[in-house]
Amino acid sequence: MKYDLEDQLRTDVTELGRLILGMRAAYARGENVMEYARKTAGALGNSPVSTLIAYDLQAGTYIAGARANPEARARWCGQLAEILNPYISTQSSILEVGCGEATTLAGVLKRLDNTPRHALGFDISWSRCAHGMTWLEENGASARLFVADLFEIPLEDSSVDVVYTSHSLEPNGGHEEAAIKELMRIARHAVVLVEPIYELADAEAQERMRSHGYVQGLKEIAEKLGATVRDCRLLDYCGNPLNPSGLVLIEKTNMSLPEGSDIQWRCPLTHAPLIANSTGFYSPGTGLVYPVLSGIPLLRTSHAVVASSFGLLNVKKPVCGG
Ligand SMILES: C[S@@+](CC[C@H](N)C(=O)[O-])C[C@H]1O[C@@H](n2cnc3c(N)ncnc32)[C@H](O)[C@@H]1O
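12 is the number of the first residue of the sequence shown in my numbering; add one for each residue after it.
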């Protein structure tokens, strides 16, 4: 299935209005909200907006889970750090795509042999990033979190040394090719996909994955895109045997490129360079600004604000209450 940005923008706006109240009500009734959205939209797969609402409603539950079962969290993060270690030096940049509440990112950063120079994470849900910031702080880890869509990542080509996922491609079944292409675009050295591997799962797990609209065929699709897949296997440890975690390890051909400098942001809509500051990410070439909400940059295409004067004026803070 092709990922079309124009279709996506149209759908985002209408779907948000159509789904938000119903999904919130379904969540309050304790129902599976993704299933509710699929039925309401009559869709075969999960749309980005339903994924966003569903995950945003659950914000805080991963941290609660990590607190309740620290041994499982430590094992999961240790396993990922082992895979990532060969690619990370003190000069590296690393990005977790779909980082949720940073429960994996914080644990991975603490277990890497080298602390990377830049650590980044983004998620489609602001609430999850907000919980993630507190979790990072509580765990003495440091990373820059922002809101973005993995299909339109606001970073320049080959600008992050190592890009990894931990079950974030999972709900994006039907859009595997667009997702892998985008991750390969921004990665300089390696793309490490830690995702359920449909082809290596048993029949019961496959049936569950199909019913949830999970990704399939990751290795085959990566190879079709010309990627060098260095490893593909199930992992020793996995939280849920019905959702078997596996690895698809992609090395870029330009492994000899020097490790990166500073992070280079780009407008997800026009691809023009963005200048970052604490109030907004501004593109002088287009006059578009992406706002920052309580310290978390909002960098989805639908967040763009036309504000040509942003870079020119020193806008004074409004006086509340008149
Ligand atoms: C199963 S959770 C995993 C979270 C985190 N990686 C971890 O290991 O705890 C999947 C995450 O992917 C995010 N996600 C799914 N689709 C996304 C998209 N298109 N863009 C950005 N994030 C996405 C969800 O919001 C959710 O936080």
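Positions of the beta carbon are idealized from the N, C-alpha and C atoms, including for glycine.
Can you determine whether any heavy atom of ligand 1 sits closer than 7 angstroms to the C-beta of residue i, and answer yes or no?
i: H178; result: yes
i: P255; result: no
i: F157; result: no
i: F334; result: With the chain running from 12 to 333 in the structure shown, residue 334 is simply not present.
i: P182; result: yes
i: P59; result: yes
i: S319; result: no
i: G111; result: yes
i: D134; result: yes
i: E1; result: The question about residue 1 has no answer, for the chain in this structure spans 12 to 333.
i: Y225; result: no
i: T101; result: no
i: R277; result: no
i: T51; result: no
i: T145; result: no
i: T114; result: yes
i: Y209; result: no
i: T264; result: no
i: Y175; result: no
i: L312; result: The residue asked about is misnamed: residue 312 is Thr in this sequence, not Leu. Checking the Cβ of T312 against ligand 1 gives no.
i: R78; result: no
i: T72; result: no
i: T62; result: yes
i: R139; result: yes
i: Y66; result: yes
Taking 8 angstroms as the cut-off, decide whether the C-beta atoms of residue i and residue j are in contact.
i: E112; j: G143; result: yes
i: A117; j: W137; result: no
i: W276; j: P127; result: no
i: R122; j: Y248; result: no
i: A283; j: V300; result: no
i: L135; j: Y38; result: Going by the sequence as given, residue 135 is Ile instead of Leu. Contact: no.
i: V365; j: L161; result: Only positions 12 to 333 of the chain appear in the structure, and residue 365 is not among them; the question remains open.
i: T239; j: E206; result: no
i: V158; j: S104; result: no
i: I64; j: L30; result: yes
i: V303; j: G291; result: yes
i: I232; j: E193; result: no
i: A214; j: M220; result: no
i: N195; j: L260; result: Looking at the sequence itself, residue 195 is Met, so the reference to Asn does not match. No.
i: G184; j: N57; result: yes
i: C140; j: L156; result: yes
i: L68; j: V44; result: yes
i: V173; j: L95; result: yes
i: N80; j: I99; result: no
i: G250; j: A83; result: yes
I believe residue i touches residue j by the beta-carbon criterion, under 8 angstroms. Please report the beta-carbon distance rounded to the nearest angstrom.
i: A130; j: A92; result: Contact doesn't hold; Cβ gap of about 13 angstroms is too wide.
i: G76; j: C110; result: About 15 angstroms; that fails the 8 angstroms criterion.
i: P255; j: I208; result: 6 angstroms
i: L258; j: C243; result: 7 angstroms
i: M34; j: A48; result: 6 angstroms
i: I197; j: D168; result: 7 angstroms
i: T25; j: E163; result: That pair is no contact at about 18 angstroms.
i: Y225; j: P182; result: 7 angstroms
i: A315; j: L280; result: 5 angstroms
i: T115; j: S177; result: 4 angstroms
Ordered list of alpha helix (DSSP H) runs contained in the region 107–162, each at least 4 residues:
114–122 and 137–149
If we require 3 or more residues per run, which beta strand (DSSP E) segments fall completely within the region 168–222?
171–177 and 198–207
Quick check on the DSSP output: what are the complete beta strand (DSSP E) runs of length 3 or more inside the region 217–292, in order along the chain?
239–245 and 256–262
Complete beta strand (DSSP E) runs within the region 48–111 (minimum length 3 residues, chain order):
104–108
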